[in-house]
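Residue numbers (my numbering): 14 to 272.
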């Protein structure tokens with residue numbers, strides 16, 4: 014279909030690589046592609062670091078710790094649409110909870126979702142808080158699998174908590190870090206629901222991402238052939254980044270067989 018001129022209504026025609034040539038000269042596409050990379054670059058490290066910090070805090074067996082784990086994991090099970098609507102109202106300029114809290118501190122809050130510089134960070138924060146619980150659970154499971162004997166050996170060598178983390182904990186959980194990075198990157202490249210609910214790609218295309226652009230071309234403008242070409246480009250980007258991560262894993266992912 015990506016090699017066709019495929020309107021929803023009307024005749025279909027084979028046009029070869031014309032859709033891909035159009036993509037190469039489509040200024041909106043390059044803006045959208047940059048937005049997608051920006052979203053991914055902002056979300057992935059934020060999500061992974063926050064999830065790991067939460068896991069380190071909540072991995073211990075303490076009375077009531079399960080309540081905190083559950084509270085952080087609940088958004089993962091919440092409908093994405095409902096979650097996005099809630100945060101859209103929280104980011105509202107006049108009546109939103111965030112700006113109301115800022116007003117209590119005599120700070121005038123910005124128009125979060127209507128500012129080209131702030132809209133994407135607002136969506137990133139919303140997305141991280143929605144999914145960080147999943148990565149947290151994976152990290153907790155990984156942390157609990159680290160043998161205690163390794164920490165005891167590190168203590169005998171005079172290693173403190175910081176040194177033990179970087180020389181024992183972190184290397185031992187790198188397979189889980191790799192898994193979470195790959196899953197989070199793929200998920201961020203396919204982001205759609207938050208954008209659709211919170212910003213509709215605005216303001217001035219500052220939050221329009223690839224999947225939203227594909228949806229817009231296919232179901233608003235009915236350019237099915239062009240949308241299919243865009244979808245293939247997205248597939249290619251996801252494939253390349255995943256293969257790149259798979260190749261780079263050998264440089265930093267710890268494997269017990271290496272010892």
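C-beta: ideal position from N, C-alpha, C; glycine also.
Local conformation of residue i per DSSP, three classes
i, result
"residue 260", "helix"
"residue 166", "helix"
"residue 207", "helix"
"residue 113", "helix"
"residue 26", "strand"
"residue 75", "coil"
"residue 53", "helix"
"residue 172", "coil"
"residue 70", "helix"
"residue 104", "coil"
"residue 221", "coil"
First and last residue of the uninterrupted alpha helix (DSSP H) at residue i
i, result
"residue 152", "132-157"
"residue 79", "78-90"
"residue 118", "Taken as a continuous stretch (DSSP letters only), residue 118 belongs to no alpha helix (DSSP H), as it is neither H nor E."
"residue 214", "Here residue 214 belongs to no alpha helix (DSSP H), and DSSP marks it neither H nor E."
"residue 192", "183-202"
"residue 268", "Segment: none, residue 268 is in no alpha helix (DSSP H) and carries neither H nor E."
Cβ-Cβ distance between residue i and residue j below 7 Å
i, j, result
"residue 223", "residue 49", "yes"
"residue 153", "residue 72", "yes"
"residue 146", "residue 57", "no"
"residue 45", "residue 230", "no"
"residue 118", "residue 111", "no"
"residue 191", "residue 262", "yes"
"residue 189", "residue 151", "yes"
"residue 193", "residue 148", "yes"
"residue 241", "residue 129", "no"
"residue 53", "residue 202", "yes"
"residue 122", "residue 115", "yes"
"residue 126", "residue 212", "yes"
Nonlocal neighbours in the same chain, by C-beta distance under 7 Å from residue i, ignoring five residues either side
i, result
"residue 140", "56, 204, 207"
"residue 244", "227"
"residue 94", "206, 210"
Cβ neighbours of residue i in the same chain (closer than 8 Å, five flanking residues each side left out)
i, result
"residue 257", "none"
"residue 181", "159, 163, 164, 167, 172"
"residue 133", "48, 51, 52, 55, 219, 220"
"residue 184", "267"
Residue i: CB within 6 Å of a non-hydrogen atom of the ligand HEM
i, result
"residue 225", "Absent from the structure shown: the ligand HEM. Ligands present: none."
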